[in-house]
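Data first, discussion second: the structure below is written as structure tokens.
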Ligand SMILES: Nc1nc2c(ncn2[C@@H]2O[C@H](COP(=O)(O)OP(=O)(O)OP(=O)(O)O)[C@@H](O)[C@H]2O)c(=O)[nH]1
Ligand SMILES: [Mg+2]
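Residue numbers (my numbering): 6 to 220.
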């Protein structure tokens, strides 16, 4: 090994960490000679489709949330027919982090779903490599604005159907047809509450983003 490099690695000691927490730390957090590849991903979709749920399910750090209580004042504006247990809504963004393959760090930014907060999207998506557009098959049309947004901005995206229990299960190809999206865009059927399911969706997005923007 090049001596300059080996000197550097000898000089760098692991960051001081509480041994109890050490297990949860990733290699790149304790070893400065292994810088991670960090990238930004957006989680978008209509109101109440499960964006905050997805970011919370996969994040290895305590997710940053900007949830506000929903009150009677939003009756008539926010449709809770399909998610009657929903008590809060995202008013700015969700933020979480997940490390894949030990040194691929994804920073996840969940968008607010309500139309009155969409002015924030341009700022939120800046610098992202791609987006997950979450959809609920009971109200597919809610994801149209997000699809249009990423289509027109040229940002790579995948469509992820967040399957709610007790609802009809569709095949990815049915969803593709219904949304009229092209063959090369991955369509996943997943469960935003399950970590592995959400990780699969993230991997599909990273793979797709690499395919369409190879650099
Ligand atoms: N049964 C079931 N419920 C879910 C699932 N995903 C989310 N939920 C519930 O659906 C509701 C909506 O979830 P959120 O994660 O807040 O949705 P969101 O897209 O972040 O909503 P906004 O930020 O308000 O647009 C919550 O009450 C969740 O507990 C799912 O896969 N199955
Ligand atoms: Mg939310």
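Glycine residues also receive a C-beta, built at the ideal position from the N, C-alpha and C atoms. Since this is a predicted model, take the numbers as computed values, not measurements.
For residue j and residue i, the rounded distance between their alpha carbons
i, j, result
"residue 156", "residue 109", "26 Å"
"residue 212", "residue 136", "12 Å"
"residue 207", "residue 76", "33 Å"
"residue 64", "residue 102", "5 Å"
"residue 170", "residue 38", "45 Å"
"residue 198", "residue 139", "13 Å"
"residue 58", "residue 119", "16 Å"
"residue 32", "residue 95", "32 Å"
"residue 146", "residue 153", "11 Å"
"residue 53", "residue 85", "8 Å"
"residue 127", "residue 162", "15 Å"
Residue i Cβ short of 8 Å to ligand 2 heavy atom set
i, result
"residue 118", "yes"
"residue 72", "yes"
"residue 67", "no"
"residue 99", "yes"
"residue 94", "yes"
"residue 56", "yes"
"residue 132", "no"
"residue 115", "yes"
Supposed contact pair residue j and residue i - C-beta distance, whole angstroms, cut 8 Å
i, j, result
"residue 164", "residue 186", "6 Å"
"residue 190", "residue 177", "Residue 190 to residue 177, Cβ: 10 Å. No contact."
"residue 104", "residue 74", "Between residue 74 and residue 104 the Cβ distance is about 32 Å, and since that is not below 8 Å, they are no contact."
Per DSSP, the bridge partner or partners of residue i
i, result
"residue 69", "100"
"residue 94", "73"
"residue 139", "50 and 165"
"residue 43", "110"
"residue 192", "164"
Residue range of the beta strand (DSSP E) that includes residue i
i, result
"residue 114", "109 to 115"
"residue 201", "It is not in any beta strand (DSSP E) - residue 201 instead sits in the alpha helix (DSSP H) that spans 200 to 217."
Run of the alpha helix (DSSP H) containing residue i, from where it starts to where it stops
i, result
"residue 126", "126 to 130"
"residue 177", "177 to 184"
"residue 153", "149 to 158"
Near ligand 1: residue i beta-carbon under 8 Å from a heavy atom
i, result
"residue 167", "yes"
"residue 86", "no"
Ligand 3 heavy atom lying under 8 Å from the CB of residue i
i, result
"residue 198", "With respect to ligand 3, the structure offers nothing, as its ligand set consists of ligand 1 and ligand 2."
Residue i at chain D interface by Cβ criterion, 9 Å
i, result
"residue 83", "The structure shown contains no chain D, having only a single protein chain."
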